[in-house]
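Colleague: Have a look at this one before I ask anything.
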Amino acid sequence: MNKKLKFIIPVSLALVIGIIVIGYTNCKSNTEQLVQETYIFKADYPVYDEDSIVKESDVIITGKVVKVKECMEYQRKIELDESLSEDEKKKILEEMNVKPLIFTVSEIEVDQVIKGEFKKGQIIKIKQLGGTLNNMKVIGEEEIYKEGSHKVFFLKDFRAEFGENMPFSTLNPIQGDIDIINGKIKNNEKVKNDKHLKIVEDGVPVETFVKNIKKKVK
Numbered sequence: 249m250n251k252k253l254k255f256i257i258p259v260s261l262a263l264v265i266g267i268i269v270i271g272y273t274n275c276k277s278n279t280e281q282l283v284q285e286t287y288i289f290k291a292d293y294p295v296y297d298e299d300s301i302v303k304e305s306d307v308i309i310t311g312k313v314v315k316v317k318e319c320m321e322y323q324r325k326i327e328l329d330e331s332l333s334e335d336e337k338k339k340i341l342e343e344m345n346v347k348p349l350i351f352t353v354s355e356i357e358v359d360q361v362i363k364g365e366f367k368k369g370q371i372i373k374i375k376q377l378g379g380t381l382n383n384m385k386v387i388g389e390e391e392i393y394k395e396g397s398h399k400v401f402f403l404k405d406f407r408a409e410f411g412e413n414m415p416f417s418t419l420n421p422i423q424g425d426i427d428i429i430n431g432k433i434k435n436n437e438k439v440k441n442d443k444h445l446k447i448v449e450d451g452v453p454v455e456t457f458v459k460n461i462k463k464k465v466k
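Residue numbers (my numbering): 249 to 466.
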């Protein structure tokens, strides 16, 4: 069967009242399965500076990726602004291409806790948009984590809304995590090439960055 490549076109999130998770399934990701449809998902995300990313994060940690193996599927129900006409609603829903979203879930071993109630050595699960399930592949805007990598994570906590088993999410896929290489900060390529996305310079010792962030935590 021919593979299909489709783009999920970004729309203004201001018109979307809510994207409601109405169910999800834990599953083993199977990279060997035949991919029949591929969806590239893009969306609008807030951009943060150092002050705002600290304020908006529920949890900030440094940690090591110890496991990348689970996949989660979300069925979504979209609620739109009631002031929109039926044609406008239909157009937005078509643009959003309401397919189940597939996330890869990684386990992170906490090293330092900068904000939040966790402790060193605890395991936090973080979900990233992207993965393959039931012959459908979803590609998000960030690279899926690799086991053994060390990072700073800026996280949102949705457990109060969706239950204790809901993994954390980064604030956005571009700025929500920063690599730590040999004890120093290394930004991803998208951040390097856009000064508006950069909240810390490459090469800054992670301890210096952590110290600066802790000063901003209230």
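Backbone N, C-alpha and C fix where the C-beta goes; we use that ideal spot for every residue, glycine too.
Here the structure is a predicted model, which means the values were calculated and not measured.
Could you tell me which residues DSSP puts in a beta bridge with residue 453?
Modeller: Indexing the sequence shown from 1 puts residue 453 at position 205. Per DSSP, 432.
Colleague: Residue 380 and residue 283: beta carbons closer than 8 Å?
Modeller: Taking the first residue of the sequence shown as position 1, residue 380 is located at position 132. Taking the first residue of the sequence shown as position 1, residue 283 is located at position 35. Result yes, Cβ atoms of residue 380 and residue 283 sit closer than 8 Å.
Colleague: May I ask you to report which of helix, strand or coil DSSP gives residue 410?
Modeller: Your numbering for residue 410 matches position 162 in the sequence shown. Helix, per DSSP.
Colleague: Would residue 370 be called buried (16 or more neighbouring beta carbons within 10 Å of its own) or exposed?
Modeller: Walking along the sequence shown from the start, residue 370 turns up at place 122. Classification of residue 370: exposed, given that the 10 Å Cβ count is below 16.
Colleague: Tell me the residue span of the alpha helix (DSSP H) that contains residue 302.
Modeller: As a working mapping, residue 302 is identified with position 54 in the sequence shown. That run of the alpha helix (DSSP H) goes 298-304.
Colleague: Evaluate residue 451 with the Cβ neighbour count: other Cβ atoms within 10 Å of its Cβ, from every protein chain shown; 16 or more gives buried, anything less gives exposed.
Modeller: Position 203 of the sequence shown, counted from the first residue, corresponds to residue 451. Residue 451 should be labelled exposed.
Colleague: Are the region 426-435 and the region 406-413 in contact at 8 Å, needing three or more beta carbon pairs?
Modeller: no
Colleague: Pairs of beta-carbons, one from the region 385-393 and one from the region 284-295, closer than 8 Å: are there three or more?
Modeller: yes
Colleague: Using 8 Å for Cβ pairs, my map puts residue 311 next to residue 399. What's the rounded Cβ distance?
Modeller: What you label residue 311 is simply residue 63 of the sequence shown in a count that begins at 1. What you label residue 399 is simply residue 151 of the sequence shown in a count that begins at 1. Yes, they are in contact, since the Cβ atoms of residue 311 and residue 399 sit about 7 Å apart, within 8 Å.
Colleague: If you drop the 5 nearest sequence neighbours on each side, which residues of the same chain put their C-beta closer than 6 Å to that of residue 278?
Modeller: Position 30 of the sequence shown, counting from 1, holds the residue named residue 278. For residue 278, the predicted structure reports a pLDDT of 48, less than 50, and the residue's modelled location is therefore unreliable. The matter cannot be settled from this model.
Colleague: If I'm right that residue 374 touches residue 415 with Cβ under 8 Å, what's the distance once you round it to whole angstroms?
Modeller: By 1-based counting over the sequence shown, the position of residue 374 is 126. By 1-based counting over the sequence shown, the position of residue 415 is 167. Confirmed, about 6 Å.
Colleague: Hey, could you find the ends of the beta strand (DSSP E) residue 358 is sitting in?
Modeller: As a first step, residue 358 is located in the sequence shown; it is residue number 110 there, counting from the start. From DSSP, the beta strand (DSSP E) with residue 358 extends over 349-363.
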